[in-house]
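Residue numbers (our numbering): 236 to 618.
Below: one structure, written as structure tokens.
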Amino acid sequence: GEAVPVAQRGSWTSFLKSIASMSGDLSSLTAPSFILSPTSLTEFPAYWCERPELFAEIGDATTEEARSLAVLKWFISTLKGQYTSRNESMGSEKKPLNPALGELFYGTWPDVNGRGKTNLLVEQVSHHPPITAYVIENVSKGLKLVGHNAQKTSFSGGSIIVKQIGHAVLTVKLPSGSEEQYLLTLPRLRIDGLWYGAPYIELSDHSYIVGGGFVGVIDYKGKGYFSGKSHSFKATLTPQPGMGGAKHEIIIEGQWNANSHFVTGGSGPFHDVSTPKEEVHAVGGEASGEMGEMETRKLWLLVSKGIRESDFETASREKSRIENEMRERRKHETEKGTAWALKHFTPLASDPVYEQLGKLAKIAPPTEDAYVFRDNWPESLRA
Ligand code: 0T9
């Protein structure tokens, strides 16, 4: 591993061995310090909205076809941030902090240029396995995205394969008062470059966007497949009889980290993702406007600072302190026969929207858990 600091080569090799021999949940494995990220997974849902104007455009579109294309454009535009931004900011993919049960993150993108204010709320709804639930809402454009994610990991041919579990539902409130819903599912990940200590993600398999009169399938391919370029995709939107959409198929091809163009059902360029992105503004969720003890940037403050400043002794001490506190909490709950009360979400064993829309694309499994948002935004995000 060339990217591995000489002093950490041994621990990197044994880390890789433990990954290879353990499948399922890698989040709790202790990794060598050079690969640690100072950011918790509860911050990741912000990637869904780093181009808030593209999200807002979904609400501005006036036909089903225009809306479906706006949803696709926004979805594609988030992939670069979701899957390559750690490589850009930190030189490689890094191991995120493993969120505590009940960890929270709140944020906002301000209203500029008539795009409306967009708010973000995230809660870690399970620690083992890690499950993160989130909602992103732009009230003035009638948009609400509610989703959750978890991962199942395995090791194959020197790479980590990550199957994403979970989905999101985008609800669009139309000016007529009726609602349109889109079911979004997530791609599979392959983490390569492990041997060299320079991990990076390639997407594979496919994901769906079902709603608005179309069944959309996005196929993901890396180098050497249909375009020969990394981070390639091909999106096919097929009109659904009886769902009222357009009558023609739309096909778009390109690279999700660069640009894409129409192949069928339109002409010319579709999207270019090289426009600047806008990171979320973190907001405290307490009535005072401060961050509470369970808010990610407060909870992990000293761990993150330690990692950023290469003070790994402090980082590791603080990390153990937090993990021990959480273990104590769980122990007390077991003793008292109580359970941790989630703040913003109610778990449901099945999701009627997933079932209904998923059927149209024969999505497997036929149902998934849902985390229903209780619509209780903190005061600091309501105004
Ligand atoms: C949802 C995203 C997800 C979370 C991360 C696999 C991964 C945890 C989950 C899927 C977001 O919308 C998109 C992006 C990156 C994904 C992470 C990449 C990653 O490596 C971690 C896993 C758990 C590891 O930390 C593996 C060990 C590490 C040494 C490799 C860098």
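We put the beta carbon where it would ideally sit given N, CA and C, even for glycine.
The structure displayed is predicted, hence computed values, not measured ones.
For F449, the beta-bridge partners assigned by DSSP are G446, P474. For P334, the number of other beta carbons within 10 angstroms of its own is at least 16, and it is reported as buried.
Taking every protein chain shown into account, the CB of V357 has 16 or more other CB atoms within 10 angstroms, so this residue is buried. Restricted to the segment 309 to 360, the beta strand (DSSP E) segments that are unbroken, complete and at least 3 residues in length are 330 to 332, 339 to 344, listed in chain order.
At a threshold of 7 angstroms, L405 does not count as near the ligand 0T9, since its beta carbon sits no closer than that to any of the ligand's heavy atoms. Here the distance from the Cβ of L537 to the nearest heavy atom of the ligand 0T9 is not below 7 angstroms. Distance from the Cα of G446 is smallest, within the candidate group W283, S262, Y318, E590, for E590. Contact between the segment 284 to 300 and the segment 258 to 271 is not established, with fewer than three Cβ pairs separated by less than 8 angstroms. The segment 293 to 309 makes no contact with the segment 384 to 397: fewer than 3 CB pairs, one atom from each, lie closer than 8 angstroms.
Remark: the C-beta of E488 is outside contact range of the ligand 0T9, defined as less than 7 angstroms to any heavy atom. DSSP places A599 in the coil class of the three-state scheme, outside both helix and strand. Remark: the C-beta of Y417 is outside contact range of the ligand 0T9, defined as less than 7 angstroms to any heavy atom. Per the coordinates, the alpha-carbon of R565 lies some 24 angstroms from the alpha-carbon of K330. Residue pairing for Y455: DSSP places it in a beta bridge opposite F468. At a threshold of 7 angstroms, N492 does not count as near the ligand 0T9, since its beta carbon sits no closer than that to any of the ligand's heavy atoms.
Assigned with DSSP and collapsed to three states, S263 falls in coil, not helix or strand. Within 7 angstroms of the C-beta of Q386 there is at least one heavy atom belonging to the ligand 0T9. Runs of the beta strand (DSSP E) lying entirely within the segment 497 to 537, each at least 3 residues long, are 504 to 507 in chain order.
Distance between R302 and I400, taken at the CA atoms: about 26 angstroms.
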